[in-house]
């Protein structure tokens, strides 16, 4: 079922969306977005943003490393673009396939970890931010299916992993906030 859904979703493509989803999938194209997010966090938390920086750094490192070392290196599930059974049916953009294995998607894990963590941090300040970040993470994740490098199951697994890591990191921030009396107003 995962393969059939992948082939259906990956089969819906056009030259215009090839460019769009390749740009969406490129982590460097999101630097302005991350800077705007940092400014928003800085505006809301002022100097206390310094408390958030190590949490966000640890969040991304944890999400990225878990997705690779505890999933990709364990499950060894070939990416669709490396799967000899379907490779001729896969729409691959610019011959880019990435590493050999794809379960779970690191893009999905990292974006959902960040979306859940920042969404929870800002939930009492900018209520619209949480759904916006979840939509952003979903679009970035979908781009990986479009580009032919992940099955939907890879995306769902990465999204679940990232959401759990984001939530756990937020709980750790809440504990730190209470323990050290930081008054972050989470």
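Numbering (this note's numbering), first residue to last: 60 to 245. Heads up, the beta-carbon is just placed ideally off N, CA and C, and yes, glycines get one too. Treat the numbers as computed from the prediction; the structure is a model and nothing was measured.
- Distance from the CA atom of residue 230 to the CA atom of residue 148, rounded to whole angstroms, is 43 Å.
- CA-to-CA, the gap between residue 127 and residue 101 works out to about 31 Å.
- Residue pairing by DSSP places residue 64 opposite no residue, since no beta bridge is assigned to it.
- Judged by DSSP in its simplified three-state form, residue 137 adopts strand.
- Looking from the CA of residue 85, the closest CA among 130, 133, 243 and 157 belongs to 157.
- Contact annotation: the segment 133-151 does not touch the segment 114-124, with fewer than three C-beta pairs closer than 8 Å.
- With contact defined as three or more Cβ pairs closer than 8 Å, the segment 91-105 and the segment 160-172 are not in contact.
- The three-state reading of DSSP puts residue 160 in strand, counting E and B together.
- For residue 195, the enclosing alpha helix (DSSP H) covers residues 188-205.
- For a cut-off of 8 Å, the C-beta gap from residue 162 to residue 129 is around 11 Å, too long to register as a contact.
- Of the residues 98, 107 and 178, the one whose Cα lies closest to the Cα of residue 235 is 107.
- The Cβ atoms of residue 81 and residue 206 sit closer than 8 Å to each other.
- Beyond the five residues adjoining it in sequence on each side, residue 141 comes within less than 7 Å, by CB distance, of 156 and 159 in the same chain, given in chain order.
- Every unbroken stretch of the alpha helix (DSSP H) spanning 4 or more residues and falling wholly within the segment 75-128 is given here in chain order: 90-104 and 108-124.
- One Cα belongs to residue 232, the other to residue 179, and the distance between them is close to 11 Å.
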